[in-house]
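Right, one structure below, let's go through it.
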Amino acid sequence: MISESLYQEYLSFLLKGNKSGCARIVDGLIADNIDLETLYLSLFKRSLYEIGDLWVANKVSVATEHLCTAITEALMTQAYPLIFRQVHTGKKAVVACVANEYHQIGGKMVADVLELYGWDTYFLGSNVPVEGLIATIQERHPQLLCLSLSISSNFNSLDKTIKLVRIKWAELPIFVGGKAFEFMPPTVLDAYSHVKLVNSLPDLKFQLLTFGDDRAR
Amino acid sequence: MPDNIDAALMEYLRLHASFLYFMLDKDSKIIGTNQFTAKIIGRDIVGVPFQDLFVDFCDMGGPSAYFSEDKKGGFFPLSVNTSDGLPRTFYFMFFDLGDVRVAFGDQNHEEVDNLQRQFLTLNSELGNITRELQKKNMELENAIRKVRTLEGILPLCASCKKIRIEGSDPRDQKSWLRMENYIEGKTDAQFSHGVCPECLEKLYPMPRPQH
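For the record, the sequence lines run as chains P and W.
My numbering numbers the first residue of the first sequence as 4 and each following residue consecutively.
My numbering numbers the first residue of the second sequence as 205 and each following residue consecutively.
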């Protein structure tokens, strides 16, 4: 649990670009045995969404937003010792942002949570060309593909990616998620088979149960 | 244009604009600046020769060269010594107004935007590489935990091939373990039993059908 005052202190450090102040708070939370999902949801995601809202309201610049994103991404590395000590279950997932999508933190959080549940993840990062994605699926034989979409105008890239993946892997389960879907009707993915909208990290846990993943329970 | 536009521009220039502004006398000594310049340079510079502010100015022909007709309307990248000790490059344009000279210095916004984009991309890539490294490190640590090895000199009975436990009394028979017990105790290896052909011949010296 993160107190409101600690969150506000973190947000204030983040907006000022004070990485060491943020890192001190994250270190303290990890030392207090915070669980990964709380850290990601209640600190990283909440602050980034709030900064995004401040940008939309013209209260912070795009440069500040980018700086906050960069700091958050650097802070996520502090949590890796929590994530990668899990015993692997043998299940594999490929996680990527579609072509032209440069917001990768959400996808990385999904990959990290999957690792936490013992999945072996291949996180390909932002702006992944569909050819590269297909080559990775061919090489790794994952049981799950996760695609992240933050900007709704990149939906065409997602559409193209799913269609090209489906040519070779007709039934590979695909989870899609990201901020873009907040602005789209829930039926937007109905046309695709074996594609599920995963709205949040708790939703991801729920969906993983369909893979018999008891650790997500 | 309204009559008071000059006053508004001057107020903006002196107090709010985020570019460098210098007013110089005919000898190129500074006689006025704006707030942004004072913040960047970080010291009182009125009366200071203009070229003293720059890292590389003197190598470029001195300030007067920039006020010549052939330089009119051009931008010149010059690096200023700043208050934080790090030089910063501004693109300068010079105007000779007769009694006074004026210089404006602005950042190259395209360059700054490009740097920002590159920085963000590199930061993301670095984060991804760190993630992979951390993952590989953990896999290696797990592998090392699984692999248990034997090393050093093992005291072996020359006759029965039992191995003596390290540091134990060689005269005590309990100090000596059968080799398979010793190795199973020290490693993750396990033994199964069979008989080699030579021993089989010794143990069961009877004719056997040929296969």
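C-beta atoms are modelled at their ideal positions from N, C-alpha and C, and glycine is treated no differently.
**Study point:** As assigned by DSSP and simplified to three states, the class of D221/W
**Key:** Here the question's residue 221/W lines up with position 17 in the second sequence. Correcting the residue identity first, residue 221/W is Ala in this sequence and not Asp. Note: A221/W maps to coil in three-state DSSP.
Point to revise | DSSP-derived helix/strand/coil call for A66/P | key: For the purposes of this step, residue 66/P is identified with residue 63 of the first sequence, where counting begins at 1. Helix, per DSSP.
Exercise for review: Look at the Cβ atom of H197/P, then the Cβ atom of I170/P, and state whether they are nearer than 8 Å.
Suggested key: Within the first sequence, numbered from 1, the residue matching residue 197/P stands at position 194. Within the first sequence, numbered from 1, the residue matching residue 170/P stands at position 167. No, they are not a contact pair.
Check your understanding: Going by the beta-carbon positions, is the gap between N238/W and L257/W smaller than 8 Å?
Key -> Your numbering for residue 238/W matches position 34 in the second sequence. Your numbering for residue 257/W matches position 53 in the second sequence. Going by C-beta atoms, N238/W is not nearer than 8 Å to L257/W.
**Study point:** Three-state secondary structure assigned by DSSP to T3/P
**Key:** Residue 3/P cannot be examined here, being either before or after the span of chain P that is shown, 4 to 220.
Check your understanding: Taking 8 Å as the CB-CB limit, is M342/W close to chain P?
Key -> The count along the second sequence starts at 1 and reaches residue 342/W at position 138. Yes, M342/W lies at the interface with chain P (some Cβ there is under 8 Å from its Cβ).
Practice item. Using the DSSP secondary-structure output, state which residues sit across from A99/P in a beta bridge. Key: Counted from its first residue, the first sequence places residue 99/P at position 96. Paired residues: L150/P.
Check your understanding: Would a check of beta-carbon distances place Q107/P closer than 8 Å to chain W?
Key -> If you number the first sequence from 1, residue 107/P lands on position 104. Output row for Q107/P: interface = yes.
Exercise for review: Output the distance between the C-alpha atoms of T293/W and V97/P, rounded to the nearest integer angstrom.
Suggested key: For the purposes of this step, residue 293/W is taken as the residue at position 89 of the second sequence. For the purposes of this step, residue 97/P is taken as the residue at position 94 of the first sequence. Going from the Cα of T293/W to the Cα of V97/P covers about 44 Å.
**Study point:** Interfacial residues, the stretch 35 to 67 of chain P to chain W, with Cβ spacing under 7 Å
**Key:** A66
**Study point:** Inter-stretch contact at 8 Å, needing at least 3 Cβ pairs: the stretch 199 to 215 of chain P / the stretch 275 to 284 of chain W
**Key:** no
Exercise for review: Taking N159/P as the reference, give the member of V101/P, K182/P, V201/P, K94/P with the closest Cα.
Suggested key: As a first step, residue 159/P is located in the first sequence; it is residue number 156 there, counting from the start. Among V101/P, K182/P, V201/P, K94/P, the Cα nearest to that of N159/P is on V101/P.
**Study point:** Alpha carbon of E315/W to alpha carbon of L324/W, nearest angstrom
**Key:** As a first step, residue 315/W is located in the second sequence; it is residue number 111 there, counting from the start. As a first step, residue 324/W is located in the second sequence; it is residue number 120 there, counting from the start. Roughly 14 Å separates the two Cα atoms.
Check your understanding: How many angstroms separate the CA atom of T139/P from the CA atom of Y408/W?
Key -> Taking the first sequence and counting its residues from 1, the one referred to as residue 139/P is at position 136. Taking the second sequence and counting its residues from 1, the one referred to as residue 408/W is at position 204. Using only the alpha carbons, I get a separation of about 59 Å.
Check your understanding: If we call anything under 8 Å between Cβ atoms a contact, is Q81/P one with D30/P?
Key -> Sequence index remark: in the first sequence, residue 81/P carries index 78 (1-based). Sequence index remark: in the first sequence, residue 30/P carries index 27 (1-based). Yes, Cβ-Cβ distance for Q81/P and D30/P is below 8 Å.
Review point. For chain P, is any of its Cβ atoms less than 8 Å away from the one on K350/W?
Key: Within the second sequence, residue 350/W is the residue found at index 146, counting from 1. K350/W does not count as touching chain P.
Exercise for review: With DSSP as the reference, label K276/W as helix, strand or coil.
Suggested key: For this step, residue 276/W is matched to residue 72 along the second sequence. Three-state DSSP puts K276/W in coil, outside helix and strand.
Practice item. Just mark V399/W as buried or exposed, buried being the case when its beta carbon has 16 or more other beta carbons within 10 Å. Key: If you number the second sequence from 1, residue 399/W lands on position 195. So V399/W counts as exposed.
Check your understanding: Got a sec: is the Cβ-Cβ distance from H69/P to anything in chain W below 8 Å?
Key -> Indexing the first sequence from 1 puts residue 69/P at position 66. Yes, contact with chain W.
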